[in-house]
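Heads up, the thing below is written out as structure tokens.
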Amino acid sequence: MKDRLIAPSVLAADFGNLQRDIEMINNSEADWFHIDIMDGVFVPNISYGMPVLDAINRHAKKTIDVHLMIIDPDRYIKEFAALGANNLSVHYEACTHLHRTLQAIKAEGMKAGVALNPHTSVDLLEDVIGDIDLVCMMSVNPGFGGQSFIENTYKKVRQLKEIITRNNASTLIEVDGGVTDKNAAQLVEAGADVLVAGSFVFKAEDPSRTIKNLKSLVNS
Ligand code: DX5
Ligand code: ZN
-7 MKDRLIAPSV LAADFGNLQR DIEMINNSEA DWFHIDIMDG VFVPNISYGM PVLDAINRHA
53 KKTIDVHLMI IDPDRYIKEF AALGANNLSV HYEACTHLHR TLQAIKAEGM KAGVALNPHT
113 SVDLLEDVIG DIDLVCMMSV NPGFGGQSFI ENTYKKVRQL KEIITRNNAS TLIEVDGGVT
173 DKNAAQLVEA GADVLVAGSF VFKAEDPSRT IKNLKSLVNS
């Protein structure tokens, strides 16, 4: 069985102590840094941008997984590659020529991801699944950390897994939003490979132990 991965979302970190929180992730059993970039247009919130990602990249020792919640993401593909992104996910709903965007991401040496809003059907990926390295399945409406998990996600993960298997693709399924120790096991059972966790990790008394527990929960 493939190792299931944990990706703490830096959005929930203490930005006044960002280096401390990055080191916590470096020294924990976490696998990826999940970085949420919001533009205030595609989603009703603005998170942080290039200078902060640059600072994160200077300290982070693990895969940098960037989730773009921005319109017209093609404009910034080269810039995110230069800032150290290893994975770059764009929203299905923000791309007119998704296939072209995916090729442009790969041409910069990054893994190409597609994020899906809760209302977007996984069936829309059928014709492009072979070109997608990672699907970031939103289990909340994007824009904010700390929201509650949408239960319909289990069904979408199962349907997506079926599409991946049927097409012999190697796409990873990442679930993003409201992930806790209450839904993690059921998500991997449905077919999830990567779980993003923001509030659940950073609001915990011991974030590093919380990551360790989540990691063993999804790999048992
Ligand atoms: C939501 C972001 C998520 C968020 C997850 O728009 O894409 O990555 O940071 O945070 P939690 O785990 O608190 O729902
Ligand atoms: Zn995210």
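Numbering (the numbering used here) for the sequence shown: -7 to 212. Cβ coordinates follow ideal geometry from the N, Cα and C atoms, glycine included. Nothing here was measured: the structure is a model prediction, and the numbers come from that model.
Which of helix, strand or coil does DSSP assign to residue 35?
Residue 35 sits in coil when the DSSP states are folded into three classes, being neither helix nor strand.
Which same chain residues, not among the five before or five after residue 68, have their C-beta less than 8 Å away from its C-beta?
Excluding positions up to five away in sequence, the list reads 60 and 62.
Endpoints, the beta strand (DSSP E) within which residue 177 is located:
Boundaries for residue 177: no beta strand (DSSP E) harbours it, while the alpha helix (DSSP H) harbouring it runs 176 to 182, taken from the DSSP string.
Within 10 angstroms of the Cβ of residue 36, are there 16 or more other Cβ atoms? Answer buried if so, exposed if not.
A residue is called buried once 16 or more other Cβ atoms fall within 10 Å of its Cβ, and residue 36, having fewer, is exposed.
Take residue 101 and list the residues in its own chain whose beta-carbon comes closer than 6 Å to its own, dropping the five residues that flank it on each side.
Hits under 6 Å: none found.
Counting along the chain, where does the alpha helix (DSSP H) carrying residue 91 start and finish?
Following the DSSP letters along the chain, one finds residue 91 inside the alpha helix (DSSP H) bounded by residues 90 to 99.
Own chain, CB closer than 7 Å to residue 2, minus 5 neighbours either side, in chain order
Contacts found: 25, 26, 27 and 48.
Any heavy atom of the ligand DX5 closer than 6 Å to the beta-carbon of residue 149?
Look at residue 149: its beta carbon is at least 6 Å from all of the heavy atoms in the ligand DX5.
Check: residue 220 C-beta below 6 Å from any heavy atom of the ligand ZN
Outside the shown range of the chain, which is -7 to 212, sits residue 220, and nothing can be said about it.
Could you pull out every residue in the same chain whose Cβ sits closer than 6 Å to the Cβ of residue 168, ignoring the five residues on either side in sequence?
Here the set comprises 128, 130 and 188.
Residue closest to residue 79, alpha-carbon to alpha-carbon, out of 54, 88 and 91
That would be 54, whose Cα lies nearest to the Cα of residue 79.
Could you check if residue 225 belongs to the surroundings of the ligand DX5, using beta carbon to heavy atom distance under 6 Å?
Residue 225 cannot be examined here, being either before or after the span of the chain that is shown, -7 to 212.
At a cut-off of 6 Å, would you count residue 191 as near the ligand DX5, judging by its Cβ distance to the nearest heavy atom?
Using a cutoff of 6 Å, the CB of residue 191 counts as near the ligand DX5, since one of the ligand's heavy atoms is closer than that.
Sorry if obvious, but does the Cβ on residue 89 come closer than 6 Å to a heavy atom of the ligand ZN?
Residue 89: no, Cβ never under 6 Å from the ligand ZN.
Pick helix, strand or coil for residue 196, following the three-state DSSP scheme.
Reduced to three states, the DSSP call for residue 196 is coil.
Just list the residues that DSSP pairs residue 103 with in beta bridges.
Paired residue(s): 79.
Runs of alpha helix (DSSP H) wholly within the segment 16 to 67 (minimum 4 residues, chain order)
Secondary structure remark: continuous alpha helix (DSSP H) runs of at least 4 residues inside the segment 16 to 67, in chain order: 42 to 51.
What is the rounded straight-line gap between the Cα of residue 171 and the Cα of residue -3?
Annotation: residue 171 to residue -3 spans about 13 Å, alpha carbon to alpha carbon.
Assuming residue 179 and residue 146 make a contact with CB atoms under 8 Å, what is their CB distance in whole Å?
About 7 Å separates the two Cβ atoms, so the contact holds.
Look at the alpha carbon of residue 163 and the alpha carbon of residue 64, and state the distance between them as a whole number of angstroms.
Rounded to the nearest angstrom, the two C-alpha atoms are 23 Å apart.
Roughly how many angstroms separate the alpha carbons of residue 136 and residue 158, rounded to a whole number?
Taking the straight line from one Cα to the other gives about 34 Å.
Does the Cβ-Cβ distance between residue 254 and residue 52 come in under 7 Å?
Limits of the chain in this structure are -7 at one end and 212 at the other, which puts residue 254 out of reach.
Report whether the distance from the Cβ of residue 59 to the nearest heavy atom of the ligand ZN is below 6 Å.
Taking the Cβ of residue 59 as the reference point, at least one heavy atom of the ligand ZN falls within a distance shorter than 6 Å.
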